[in-house]
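Peer 1: Have a look at this one.
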């Protein structure tokens with residue numbers, strides 16, 4: 036049998052660890068593919084939507100992730116109504132597709148404000164926009180980014196399921212569930 | 036004002052054209068980012084899911100895309116029930132996020148068989164799997180890929196909305212709707 040380049044992919048515990056190692060790396064390394072996952076959510080009329088987000092926190096022990104967003108964005112409105120999100124990352128170097136299913140909570144107010152305070156000087160311009168993101172404008176640049184703590188929201192994702200697919204000499208796919216205390220199961224790829 | 040590296044992003048018609056040029060490129064160029072979009076769909080219990088797919092056809096005049104899939108996959112079952120899909124691509128070289136919303140149809144039988152015949156010798160092994168994709172297995176390699184024309188399905192996506200976001204010296208975002216004959220509207224990013 037062809038030797039595998041990524042031996043961790045052949046062991047459920049190591050594969051699970053690898054997913055979190057890469058998520059955590061995305062928080063601090065702008066060039067890691069896990070820095071910019073694709074987030075999918077459902078609109079009020081039941082349709083899926085997907086967009087790039089920036090991963091801001093990843094905690095293996097709590098199984099949670101955080102993304103910063105604009106309180107006025109459709110993401111926030113839709114996730115308040117249907118609090119389920121999926122995150123997707125293709126990590127080419129690891130030949131690893133990470134798919135997460137999560138429940139979503141929106142944090143605003145004092146809790147978020149403390150984090151906002153820490154962000155000042157970083158990239159606060161991405162929170163606060165006039166008109167709100169997604170509104171029609173007559174010309175392409177008829178908008179202003181206005182740092183506004185009241186627009187700052189944290190999207191906290193509580194991961195429920197991890198589906199990891201490794202494309203090696205032999206493909207391997209596993210699923211890890213919060214309800215099973217993250218015990219893994221192999222799946223047919 | 037800083038000159039833009041991608042002047043096409045400042046014109047609605049050119050931006051729309053650019054989206055399709057890049058989608059079409061993904062069909063024939065394995066290394067184009069549009070080769071592997073992320074597809075999002077909704078499960079029967081109303082939750083979003085996302086995975087990588089391979090773009091197999093893109094037609095600007097009909098506004099349609101095609102993806103090949105395994106008839107036994109959960110993608111097919113879920114899209115038959117909730118025939119809406121979203122596609123997402125981040126094209127780093129173009130600094131362009133492409134977001135598509137589409138209605139989905141599953142093609143099987145004789146129509147698909149003709150395409151299957153053309154695929155033989157290409158990568159038919161990705162269609163037909165025992166057990167079906169996503170089924171639990173005891174060990175990682177307890178599965179067999181068995182080329183099977185009866186498992187081959189085409190997912191045809193009829194694009195309804197295109198949301199294009201260009202990250203330049205100034206960010207620009209536009210939306211194009213089938214119902215408006217693809218006339219574009221600028222949106223606040």
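Protein chains in written order, with the numbering used here: chain A, 36 to 224; chain B, 36 to 224.
C-beta: ideal position from N, C-alpha, C; glycine also.
1) In whole angstroms, give me the CA-to-CA distance for residue 142 (chain A) and residue 191 (chain A).
2) Can you tell me whether DSSP reads residue 216 (chain B) as helix, strand or coil?
3) Quick one: give me the first and last residue of the beta strand (DSSP E) that residue 54 (chain B) is part of.
4) Measure the Cβ-Cβ separation of residue 222 (chain B) and residue 213 (chain B) and say whether it is below 9 Å.
5) If the cut-off is 7 Å on Cβ atoms, which residues from the stretch 113–130 of chain B count as contacting chain A, listed in chain order?
6) Taking only the alpha-carbon atoms, compute the straight-line gap between residue 112 (chain B) and residue 77 (chain B) and give it to the nearest angstrom.
7) Going along chain C, which residues have a C-beta under 9 Å from residue 193 (chain B)?
8) Quick check on residue 98 (chain A) - is its C-beta less than 9 Å from some C-beta in chain B?
9) Can you tell which of A:201, A:165, A:174 has the C-alpha that lies nearest to the C-alpha of residue 176 (chain B)?
10) Using a Cβ-Cβ cutoff of 9 Å, what residues of the stretch 160–173 of chain B are near chain A? List them in chain order.
11) Please list, in chain order, all residues of the same chain as residue 45 (chain B) whose beta carbon is under 8 Å from its beta carbon, the five residues on each side excluded.
12) Does the CB of residue 175 (chain B) have a neighbour CB from chain A at under 9 Å?
13) For the stretch 79–90 of chain B, which residues have a CB atom closer than 7 Å to at least one CB atom of chain A, in sequence order?
14) CB residue 135 (chain B) to CB residue 198 (chain B), shorter than 9 Å?
15) My output table needs one value for residue 96 (chain A): the three-state DSSP class, helix, strand or coil.
16) Please list, in chain order, all residues of the same chain as residue 130 (chain A) whose beta carbon is under 7 Å from its beta carbon, the five residues on each side excluded.
17) Could you tell me if residue 153 (chain A) is buried or exposed, where buried requires 16 or more neighbouring beta carbons within 10 angstroms of its beta carbon?
18) Which residue's Cα is closest to the Cα of residue 127 (chain B): B:47, B:194, B:67, B:62?
19) Taking a Cβ distance cut-off of 8 Å, strictly less, list which residues of the stretch 48–71 of chain A are near chain B, in chain order.
20) Can a CB atom of chain B be found closer than 9 Å to the CB of residue 76 (chain A)?
21) Suppose contacts are defined by Cβ-Cβ distances below 9 Å. Is residue 119 (chain A) in contact with residue 139 (chain A) by that definition?
22) For residue 220 (chain A) and chain B, any beta-carbon pair shorter than 9 Å?
23) When you compare the CB of residue 101 (chain A) with every CB in chain B, is at least one pair closer than 9 Å?
24) Roughly how many angstroms lie between the CA atoms of residue 117 (chain B) and residue 59 (chain A), to the nearest whole one?
25) Using a Cβ cut-off of 7 Å, pull out every chain A residue sitting near residue 204 (chain B), in sequence order please.
26) Determine the burial state of residue 163 (chain B): buried for a count of at least 16 other Cβ atoms within 10 Å of its Cβ, exposed for fewer.
Peer 2: Let me spell this out:
1) 7 Å
2) coil
3) Segment 47–63 is the alpha helix (DSSP H) holding residue 54 (chain B); no beta strand (DSSP E) there.
4) no
5) 117, 119, 120, 121, 123, 125
6) 10 Å
7) Structure shown: chain C not included; protein chains present are A and B.
8) no
9) A:201
10) 164, 165, 166, 167, 168, 169, 170, 171, 172, 173
11) 39, 207
12) yes
13) 81, 82, 83, 84, 85, 86, 87
14) yes
15) coil
16) 41, 201, 202, 203
17) exposed
18) B:67
19) 71
20) yes
21) yes
22) yes
23) no
24) 34 Å
25) Those do not exist, as residue 204 (chain B) stays about 10 Å from chain A at its closest Cβ, beyond 7 Å.
26) buried
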